[in-house]
Amino acid sequence: MSGGAAARRVVAPSVPERETATWSNCLVLGNEISMSGMTANPESTAASPLGTYEQTLIVLGKIRALVEAAGGGVQNIYKLVIYVTNIQDKDEVGRARKEFFQSPYPCSTLVEVRGLVFPGLTVEIDAFARLDIALRADA
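This is the structure in structure tokens:
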């Protein structure tokens with residue numbers, strides 16, 4: 000029995016996937032773009048760990064690269080789920096979001112978690128986009 004159209008796996012040069020990975024960073028399902036949680040790793044494992052603001056900008060850049068590789072742009076991102084290890088960092092995340100996006104902003108959920116996959120990481124973001132919608136008509 001045949002299902003619908005196959006999902007398309009998207010890879011961006013600036014967001015490499017490990018050969019040992021058991022997940023995809025980005026899948027396109029029809030017009031829907033779904034991304035795995037993105038972190039600032041390995042940038043945050045440098046000698047001096049990056050703060051939440053800097054990590055958030057790196058993560059948003061990875062999300063943009065994947066959406067663009069899928070054929071879209073920042074204006075197609077409609078929902079973010081943001082995980083932080085310290086809820087007090089919400090203002091740093093908000094500052095990065097305000098610099099990265101323009102109004103109207105994507106919908107968002109912000110959740111504090113006990114920890115992320117590597118020490119030093121303070122933020123991880125799941126993102127969702129659609130190729131058939133744009134939050135801004137001028138984009």
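Residues in the sequence shown are numbered from 0 upward in steps of one, following numbering that gives the first Met the number 0. Just so you know, even glycine gets a beta-carbon here, dropped at the ideal spot from N, CA and C.
Item, Value
"Residue span of the alpha helix (DSSP H) that contains residue 99, given as start and end", "89-99"
"Three-state class that DSSP yields for residue 59 in the structure shown", "helix"
"Within 7 Å, strictly: CB atoms of residue 24 and residue 117", "no"
"Distance, residue 19 Cα to residue 107 Cα", "31 Å"
"Cβ contact check for the segment 71-84 and the segment 122-133: 3 or more pairs under 8 Å", "yes"
"Cβ-Cβ separation, residue 11 to residue 95 (assumed contact under 8 Å), whole Å", "Contact doesn't hold; Cβ gap of about 20 Å is too wide."
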